[in-house]
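The structure appears right after this line, and notes come after that.
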Amino acid sequence: MELLSPREAAAFALSLLDLTNLRDDCDNAAIEKLCLRAQTPYGQTAAICIWPRFVAHARAILGPDHAVRIATVVNFPSGDLPVAAVVGETKKAIEDGADEIDMVIPYRKLIAGDEAAVTEMVEAVRAACPDACLKVILETGELKDSALVRRASELTIAAGADFIKTSTGKVAVNATLEAADIMLQAIRDSKKRVGFKPAGGIGTVADADLYLRLAETIMGPNWIMPSTFRFGASGLLDDILALLSGSTAARASSGY
194 MELLSPREAA AFALSLLDLT NLRDDCDNAA IEKLCLRAQT PYGQTAAICI
244 WPRFVAHARA ILGPDHAVRI ATVVNFPSGD LPVAAVVGET KKAIEDGADE
294 IDMVIPYRKL IAGDEAAVTE MVEAVRAACP DACLKVILET GELKDSALVR
344 RASELTIAAG ADFIKTSTGK VAVNATLEAA DIMLQAIRDS KKRVGFKPAG
394 GIGTVADADL YLRLAETIMG PNWIMPSTFR FGASGLLDDI LALLSGSTAA
444 RASSGY
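Under the numbering used here, the first residue of the sequence shown is numbered 194, with each subsequent residue one higher.
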C-alpha cells in the first residue's frame, strides 16, 4: 500500500467509519450528538451504528436521504435469539429507516458444530432486508479457532452477506489482525463482492492503518472503499479529528 501520511490515513479512515454508540446507557440525546459528530468539517462518516430502538429517532434527525447511513444491530450481542425474532427485529428496523443491518450469527451453535443454524439465520435475515446492506458479525474472538473463523466466513458469504464483520465489541477479544487475515482471504477466495468490517478495539488511526494495509495486501489496490470496507468504532473519530485538525501528533497503535 502506498505510504499514507497520518493525515491522509485519517481522512481515508473517516470515509470508512461506522461511528458507533452501542452503550447500554445510550439515550435520545446521545443519538442526537452522534448524528452531529458523524458530520465533521472534514467530511462525513460512512454510517452511524446504533441500537434498533433509536433508528426512527436518528432517521428523523438525518432525514430520508442523508449521505450518512443508519446501521443497526440484530441478534445482538448474544447471537442466541430464535430466527423468527431476529427476522422481526430486522423488519422493524427497516420500517424505522435503517439502511444497514449488522447481524450476529448464532456463533455458539456453530462452535457446537451446527453449521446449518448459521446458514438458516443469515438466509432468513437476508430475505427480510433484500435492499439493505447486511453485515454479518462472526464474533471471531469467541470462535477462537482459525479453521472455525474461516468456516464461519464461508458460510455467511454463501448465505448472502454483503459484509463479514469481526465482532460485537462486547466480548473480551474483538477485532484482531489474525482474524482479519482469515476473513479477507475467505472473501478473496469466494470471488464475490463482499466487504469486510473490523470492529472493537480500533481506537487510533495507527490501528486503522494496519487493517487498511492488510486488506490491500490481500485484496489488491483500489479495493478499499465504503462499499467494501468499514471500521466499527466509537473512539476512532477522536483520533481522526485530532490528526485532521493538526491538534496532535499521531497516537501509537494500541496493539491490535
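For glycine and all other residues, C-beta sits at the position ideal for the given N, C-alpha and C.
Remember, it's a predicted structure, so these values are computed and weren't measured experimentally.
In the structure shown, E332 adopts coil according to DSSP, grouped into three states. Nearest to A249 by C-alpha distance, out of E225, T349, A368, R230, is E225. Beyond the five residues adjoining it in sequence on each side, M296 comes within less than 6 Å, by CB distance, of V267, N268, V318, V329 in the same chain, given in chain order.
If you draw a straight line from the Cα of E409 to the Cα of E335, it is about 26 Å long.
Its Cα nearest to that of R386, the residue Q378 stands out among Q378, A392, C228. Leaving aside the five residues that flank A231 on each side, the residues in its chain whose CB is nearer than 7 Å to its CB run, in chain order, L212, Q237, T238, I241, V261. Under the three-state reduction of DSSP, M296 is assigned to strand. Here A372 has T333, V342, T359 as same chain residues with Cβ atoms under 7 Å from its own Cβ, once five neighbours each way along the sequence are excluded. DSSP places N221 in the uninterrupted alpha helix (DSSP H) bounded by 221-230. Within the segment 360-415, the complete beta strand (DSSP E) runs of at least 3 residues fall at 388-390. Between the beta-carbon of L303 and that of A345 there is about 6 Å, and that keeps the pair under the 8 Å contact cut. At least 7 Å separates the beta-carbon of A206 from that of V364. Between P245 and G272, the CB-CB gap reaches or exceeds 7 Å. The DSSP-derived three-state label of V248 is helix. Burial state of T441 is exposed, judged by a 10 Å Cβ sphere holding fewer than 16 other Cβ atoms.
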